[in-house]
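Residue numbers (the working numbering): 1 to 145.
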């Protein structure tokens, strides 16, 4: 009789653990999915803030004209696949759990330059934004500081 009661207690404990896991695993999966979504939105927010700051500086130095120059601090998020500066647009391609997303800002001036280290790693960066002029046109040069 004593052996049966011990076996019954073990089965009851096993049932309690199984029911607890049956409740906790879906809750954990839901919370992890929400965290991943929030992390992706945060990356996109940082990327948008970075391109907006670069755009604002480019518009300002363009309005002032050569030899105006600014050093802009931007926080580059992790997961940047590429950075593009061409025409009248500054863009970052950001890797997200649901696929790559492009974040961009349109400028008043024609912009040229390169932000080659942006895809390497995230973190704070200094970007040099400088108004320049050639024989026919004014433009803004954007490079890393």
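Glycine included, each C-beta is placed from N, C-alpha and C at the ideal position. From a predicted model like this one, the values you see are computed outputs, not experimental measurements.
Going by DSSP in three states, residue 147 sits in which element: helix, strand or coil? In the structure displayed, the chain extends from 1 to 145; residue 147 sits before or after that span and is not available.
Helix, strand or coil, according to DSSP, for residue 86 in the structure here? Strand, per DSSP.
In terms of alpha-carbon separation, which member of 132, 144, 136, 145 lies closest to residue 59? Closest in C-alpha terms to residue 59, from the list 132, 144, 136, 145, comes 132.
Residue 75 at chain B interface by Cβ criterion, 8 angstroms: The question asks about chain B, but that chain is absent: this structure has only one protein chain.
Cβ neighbours of residue 226 in the same chain (closer than 6 angstroms, five flanking residues each side left out): Since the first residue shown for the chain is 1 and the last is 145, residue 226 is missing from the structure and cannot be characterised.
Between the Cα of residue 85 and those of 67, 139, 26, spot the shortest distance and give me the residue it belongs to. Of 67, 139, 26, the residue nearest in Cα terms is 139.
Expressed to the nearest angstrom, what Euclidean distance is found between the alpha-carbon atoms of residue 20 and residue 39? Taken atom to atom, the span from the alpha-carbon of residue 20 to that of residue 39 is near 28 angstroms.
Report the option in 17, 34, 47 whose CA atom is closest to the CA atom of residue 75. Of 17, 34, 47, the residue nearest in Cα terms is 47.
Quick one: what's residue 113 bridged to in DSSP? Residue 113 pairs with 142.
Check each candidate in 82, 78, 108 and name the one with the smallest Cα separation from residue 45. In terms of Cα proximity to residue 45, the closest of 82, 78, 108 is 78.
Within the continuous beta strand (DSSP E) that includes residue 70, where are the two ends? Segment 69–76, the beta strand (DSSP E) holding residue 70.
Residue span of the beta strand (DSSP E) that contains residue 123, given as start and end: First-last of the beta strand (DSSP E) with residue 123: 123–133.
Residue from 28, 90, 42 with nearest C-alpha to residue 111: Per the C-alpha coordinates, the member of 28, 90, 42 positioned closest to residue 111 is 90.
If I'm right that residue 51 touches residue 109 with Cβ under 8 angstroms, what's the distance once you round it to whole angstroms? Not really, about 15 angstroms apart at Cβ, beyond 8 angstroms.
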